[in-house]
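Numbering (the numbering used here), first residue to last: 619 to 1239.
We put the CB at the ideal spot given by N, CA and C, even for glycine.
All values reported here derive from a predicted model rather than from experimental measurement.
The block underneath contains the structure these notes are about, expressed in structure tokens.
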């Protein structure tokens, strides 16, 4: 084992364990502290690395005494200090503070080490959510409630009990979370809840609809539009339900070139109800900024699937809040019964519950998949971590909506080439950009990795080669007719954002020129000169992470040959549930079992702050 020193920690940069940012941050912190202590240097490098990997903080207790594993296996493992000596060195450092201090690093009583701003985000978010959960209001005009509830949520309708419960939470609280898997009626329930508010005479309410990505916002918009048309309410109420949905960056109006937004605590967002779909994709800093920008009386409604992948950035706020599922206080239950003269689905539990427990409702019954659907059965087995059942389902030929093609490299795979031709072959022949988009959304290749023959880069090359061999595309240059692209960097001037998907097609008015077309939020198609686009990439294939918020008729999920840290049941579940009609899963039995057996664990203190302890004071507040 290597002995701990700044030099041995820096050597882990050469192995790829630490990034240049990690090492330079550690150097800055030790210089600021005026000491060359290796304990502080290692902790600073690790907290930087953990934050970049999606954690909000570094758990010293969990890391202490353990080895740093060289991914190249060229160095002797470096063992972290034991917990007592490591904590002692950090507590003695002038750059490490306790909760409430204004120091670059914050060490909390549970041995979690934070970058100050991430500790601040977490504390602000926890305090704001607890305050909203504590507040309980009821509209003045409640005489119509029983009639409206009976009409919008009839007792004989599937899932009516939980939908009513969700509506009551939204009615009584200024914060609500509605979670559920695909097809459980989350968006339909929200449309009914919006109709409920409008029917109570709150038709002057300003309602904002948003999602983390452009694709998710477009899906929310279409779902609300479809749901409201079938609502059993007057036409004037249907007309009053908005359908235009924005990305969170557009909603809060990002200030170009900064991490700030036009709408904030000093300049609140002028909305009475804010609905955020695909909220599992929202990271802790973004959710903190959203909640801070909402007025105290504004109702915030989060919708999402707690079993999907967490945000790419720091934290798993949605999952942490979902720890409150299925627990209601006796007081909330009494109010619920007063409103509906009925009963909740969840039984009250003895003892004191946190206020947030009254804000979360899970919708459980899925209507997307038929009772004998292979996709439904497979996604359920993956979600539950049941490896034996997953493999049994994949071996079962009785599920026509699931296939398990050969697991050799896709470049030599006839089934994969066939799926590419069937899925993308007709896109370039579409007569209009709108028709091309409709065809393109039928199929997608989803990868666990970005690089390599089984990653996004390799599968995009295979797709281009396969389609060009059949003369369906001609990728001789950078731009070609039928090239799908995904924006990877926000451009506020062009109103194009990370994750937006477009198609490069010939200009119908000038066949020698190309235009990049992107679907607009109002259903129209926007045209851009390709040379002026922000950073982007070809997207026949995309990572499962990037596919969140999207749906396709069928998907091909490609897993790597070897075990990888990114392989988890959440990744596999998210990929499978992007499909509406058919899933092809390409991966060996060992790799599938490895993925199903592993679950994402994000280190943070949010769950503890929400449900166990009071928030700590924030300097200047």
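Under the three-state reduction of DSSP, residue 917 is assigned to strand. When 1053, 736, 1146 and 1193 are compared, the shortest CA-CA separation from residue 907 is found for 736.
Per DSSP, residue 893 is one residue of the beta strand (DSSP E) stretching across 891 to 894. Between residue 1157 and residue 1104 a beta carbon distance of about 4 angstroms is seen, short of the 8 angstroms cut, so the two are scored as contacting. Closest by C-alpha distance to residue 953, out of 1069, 629, 677 and 791, is 791. With contacts defined by Cβ atoms closer than 8 angstroms, residue 1193 and residue 1173 form a contacting pair.
Of the candidates 804, 762 and 623, the residue whose Cα lies closest to the Cα of residue 957 is 762. With contact defined as three or more Cβ pairs closer than 8 angstroms, the region 1176 to 1193 and the region 1135 to 1153 are not in contact. Here the region 766 to 773 makes no contact with the region 889 to 902; the two share fewer than three CB pairs at distances below 8 angstroms. In this structure, the straight-line span from the alpha carbon of residue 1061 to that of residue 711 is close to 55 angstroms.
The DSSP assignment places complete alpha helix (DSSP H) segments of no fewer than 4 residues inside the region 696 to 758 at 701 to 709 and 734 to 752, in order along the chain.
DSSP places residue 1102 in the uninterrupted beta strand (DSSP E) bounded by 1101 to 1105. Residue range 1032 to 1042 is occupied by the alpha helix (DSSP H) that includes residue 1038. Burial check for residue 824: the Cβ neighbour count within 10 Å stays below 16, so the residue is exposed. By DSSP's assignment, residue 1062 forms a beta bridge with 1173.
In the DSSP assignment, residue 1200 is bridged to 1172. In the three-state reduction of the DSSP assignment, residue 1125 falls in the strand class, which pools E and B. In terms of Cβ geometry, residue 1009 and residue 1188 do not form a close pair [threshold 8 angstroms].
Residue 842 and residue 634 have their C-alpha atoms some 46 angstroms from each other. Residue 1182 has its alpha-carbon roughly 14 angstroms from the corresponding atom of residue 671. Close CB contacts of residue 640 within its chain, under the 6 angstroms cut and outside five residues either way in sequence, are with 663, 666 and 667 (chain order). Considering only 905, 859, 807 and 732, the residue with the shortest C-alpha distance to residue 745 is 905.
Within the region 752 to 810, the beta strand (DSSP E) runs of at least 3 residues that lie entirely inside it are, in chain order, 793 to 798.
Taking the Cβ atoms as the reference, residue 1228 lies roughly 7 angstroms from residue 938, within the contact range of under 8 angstroms. Taking each of 827, 852, 832 and 829 in turn and checking the Cα distance to residue 818, the smallest one comes out for 852. In the DSSP assignment, residue 1009 falls outside any beta strand (DSSP E) and within the unbroken alpha helix (DSSP H) covering 1005 to 1013.
Residue range 638 to 651 is occupied by the alpha helix (DSSP H) that includes residue 648. In the DSSP annotation of this structure, residue 981 is not part of any alpha helix (DSSP H); the continuous beta strand (DSSP E) holding it starts and ends at 978 to 981. Here residue 1135 is bridged, per DSSP, to 1121 and 1145. Following the DSSP letters along the chain, one finds residue 864 inside the beta strand (DSSP E) bounded by residues 863 to 865.
Spanning the alpha carbons of residue 1138 and residue 1016 requires a straight line of approximately 41 angstroms.
For residue 627 and residue 1170, the gap between their C-alpha atoms comes out near 45 angstroms. Distances from the CA of residue 813 to each of 830, 837, 782 and 1127 were compared; the closest alpha carbon is that of 782.
Pairwise C-beta distances place the region 859 to 872 in contact with the region 824 to 833, as three or more of them are shorter than 8 angstroms. For residue 1136 and residue 1163, the gap between their C-alpha atoms comes out near 21 angstroms. Proximity to residue 835 across 1118, 1153, 1224 and 723 peaks at 1118, based on C-alpha coordinates.
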